[in-house]
Amino acid sequence: MVKKFGVYIPDDIISDLEKCMTVLGLKTRSKLIQEALRLFIMEHKWSLKGKAAGIIGILYNHETDHIDEILTDIQHKYLDIIISALHIHLDKEKCMLIIAVRGPSDKINELLGKIKNLKGVMLARPLLLSMD
6 MVKKFGVYIP DDIISDLEKC MTVLGLKTRS KLIQEALRLF IMEHKWSLKG KAAGIIGILY
66 NHETDHIDEI LTDIQHKYLD IIISALHIHL DKEKCMLIIA VRGPSDKINE LLGKIKNLKG
126 VMLARPLLLS MD
């Protein structure tokens, strides 16, 4: 079953939408909007309930006192959901940590909250998909 509904979209978004349609080879706005809505739902459904899998990308200042040790300790407390981790040196001060996770979304949210609240963490962003 398909439902039809109307939405108000600003001109600048319509312009960008039409450029995307051309680049992606989509013939109708409906097809592009359906794809965008599916992606939005998949990106956010994990936070509602059930199981999720993906990565948490973390940008942090490694010169912050004990930040590497604290991040390692946190990871050891979540071994049941952490599959792997990759540490990348970006420059003299900044590092990126990519943590691959799989498990209950509430536990992933808990891990994410602990990381986001650390002094020295500049950004912690999940890229997760629902497994339900």
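One gets the numbering used here by counting positions in the sequence shown from 1 and adding 5 to each. Just so it is clear, CB atoms sit at the ideal spot from N, CA and C, and this is done for glycine as well. Since this is a predicted model, take the numbers as computed values, not measurements.
Residue i versus residue j - alpha carbon distance
| i | j | result |
| --- | --- | --- |
| Arg107 | Tyr83 | 11 angstroms |
| Leu31 | Pro131 | 28 angstroms |
| Ser89 | Pro15 | 42 angstroms |
| Glu115 | Gln80 | 12 angstroms |
| Met101 | Lys112 | 22 angstroms |
| Cys25 | Leu134 | 23 angstroms |
Neighbour-count burial assignment, residue i, 16 or more Cβ in a 10 Å radius
| i | result |
| --- | --- |
| Leu13 | A small correction: the amino acid at residue 13 is Tyr; Leu does not occupy that position in the sequence shown. So Tyr13 ends up on the exposed side. |
| Ser110 | buried |
| Val126 | buried |
| Ile104 | buried |
Residues that residue i bridges to, as DSSP identifies them
| i | result |
| --- | --- |
| Met101 | Leu64, Ile93 |
| Val126 | Tyr65 |
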